[in-house]
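Numbering (my numbering), first residue to last: 4 to 71.
No residue lacks a Cβ here, since even glycine has one placed at the ideal position from N, Cα and C.
This report refers to the structure that appears directly beneath it.
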Ligand SMILES: [Zn+2]
């Protein structure tokens, strides 16, 4: 039988829920992108980080939409 649920690599508990946090991706000391982190609810080990797919680039969002 296949194991459908993953297990936390640190505490070994099944990962049925994750803590999702908004974090900031840094490049050369400056914030470049909004990211999401996923961490175990039992031991807070981070299992994954990705760039927030809903976030827009900062430079583009600060510009007015229709300049001319
Ligand atoms: Zn864990």
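What are the residues that DSSP puts in a beta bridge with residue i?
i, result
"residue 53", "39"
"residue 25", "39"
"residue 33", "30"
When the Cα of residue i is compared with those of the options, which residue comes out closest?
i, options, result
"residue 17", "58, 36, 46", "46"
"residue 2", "38, 52, 30, 42", "Limits of the chain in this structure are 4 at one end and 71 at the other, which puts residue 2 out of reach."
"residue 26", "8, 38, 19, 32", "38"
"residue 59", "9, 30, 31, 36", "36"
"residue 20", "40, 30, 44", "44"
Q. Among all residues, which have a Cβ less than 6 angstroms from at least one non-hydrogen atom of ligand 1, and in what chain order do they fall?
A. Cβ-based neighbours of ligand 1 within the cut-off: 11, 13, 14, 16, 43, 45, 46, 48.
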